[in-house]
Amino acid sequence: GDSVTQMEGPVTLSEEAFLTINCTYTATGYPSLFWYVQYPGEGLQLLLKATKADDKGSNKGFEATYRKETTSFHLEKGSVQVSDSAVYFCALILNTGNQFYFGTGTSLTVIP
Amino acid sequence: NAGVTQTPKFQVLKTGQSMTLQCAQDMNHEYMSWYRQDPGMGLRLIHYSVGAGITDQGEVPNGYNVSRSTTEDFPLRLLSAAPSQTSVYFCASSYELAGGAEQFFGPGTRLTVL
């Protein structure tokens, strides 16, 4: 079946550190891939997305590249800030599908 | 635009009680869905709808009912609450599914079943 696996958390980083959150997927067809972010006490918000292989999604300094050969969509940011503290979810939907599949979420805490 | 709204924000039920979680969107989105969020489990799809009058089950539908009589509203009914249904519930909507359309999420309802 279709699924998303992302790295276990929690992750704690110092401000200005480099961030990588790993995400791999299994898909029976051609998926679109997403990263959502959830700030404390709020619903999820779209952070970035990519709809085909080799696409790079980017937003707010975060980037992720859709790698079909490794079935991955790792999230990166060169210099994290305290305000980036949140839970990050990787997700997919097949281009012919009607259900989104989410990973378990990775909690990030950035300390000053 | 209010986006996706959910009521109530918090609810405490006793085992066996029934209740309805409300969800509404004002973006004229066809696709709406309900998720539950549990620690270590991420978001799991309960039910979804691709348009008024059309609903389908997701990954964890047992114990929940939905209906979609209008484009705007997608209520989730708990028939007989159980402690296992203690969770945070999110409603989401999007204008389409194809092409990687963004899902918009409501603020969530935190439900505790005693």
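First to last, the sequence lines map onto chains A and B. Mapping of the first sequence onto my numbering: residues 13 to 124, in sequence order. Mapping of the second sequence onto my numbering: residues 370 to 483, in sequence order. Quick reminder that beta carbons are idealized off the backbone N, C-alpha and C, glycines included.
Shown here, Gln-380(B) sits in a strand according to DSSP, grouped into three states. Rounded to whole angstroms, the Cβ separation of Gly-432(B) and Gln-454(B) is 6 Å, and the two are in contact under 8 Å. With a threshold of 9 Å between beta carbons, Asp-425(B) makes contact with chain A. In the DSSP annotation of this structure, the continuous segment of the beta strand (DSSP E) that includes Ala-98(A) starts and ends at 98-106. At a cut-off of 9 Å, the C-beta of Gln-394(B) has no neighbouring C-beta in chain A.
Look at the segment 397-410 of chain B: the residues with a C-beta under 7 Å from a C-beta of chain A are Gly-409 and Met-410.
In the structure shown, Gln-50(A) falls within a strand segment according to DSSP collapsed to helix, strand and coil. Looking from the CA of Ala-421(B), the closest CA among Thr-439(B), Pro-430(B) and Ile-415(B) belongs to Thr-439(B). Nearest neighbour of Leu-58(A) by Cα position, chosen from Thr-32(A), Gln-111(A) and Ser-70(A), turns out to be Ser-70(A). The beta-carbon of Phe-379(B) is placed no less than 9 Å from the nearest beta-carbon of chain A. Against chain A, a Cβ distance below 9 Å from Pro-444(B) picks out nothing, because the smallest value is about 17 Å. Short of 7 Å from the beta carbon of Asn-370(B), and not among the five residues preceding or following it, lie these beta carbons of its own chain, in chain order: Asp-395 and Met-396. Our two residues, Leu-106(A) and Gly-117(A), have alpha carbons roughly 20 Å apart in a direct line. Looking at the backbone, the Cα of Phe-74(A) and that of Val-92(A) are separated by about 9 Å.
Look at Ile-33(A): its C-beta is not under 9 Å from any C-beta on chain B. Here Pro-452(B) carries a helix assignment [DSSP, helix/strand/coil]. Put simply, the backbone Cα of Gly-411(B) is about 23 Å away from that of Ala-393(B). Between Tyr-400(B) and Tyr-458(B), the gap from beta carbon to beta carbon reaches 9 Å or more. The three-state secondary structure of Val-94(A), taken from DSSP, is helix. Looking at the DSSP output, Asn-71(A) shares a beta bridge with Phe-74(A).
The segment 97-115 of chain A makes contact with the segment 46-55 of chain A, as at least three CB pairs between them are under 8 Å.
For Phe-30(A), there is no enclosing beta strand (DSSP E), since its DSSP letter is neither H nor E.
The beta carbon of Lys-64(A) sits closer than 7 Å to those of Tyr-78, all from its chain and outside the five residues before and after it, given in chain order. In the structure shown, the three-state DSSP call for Gly-469(B) is helix.
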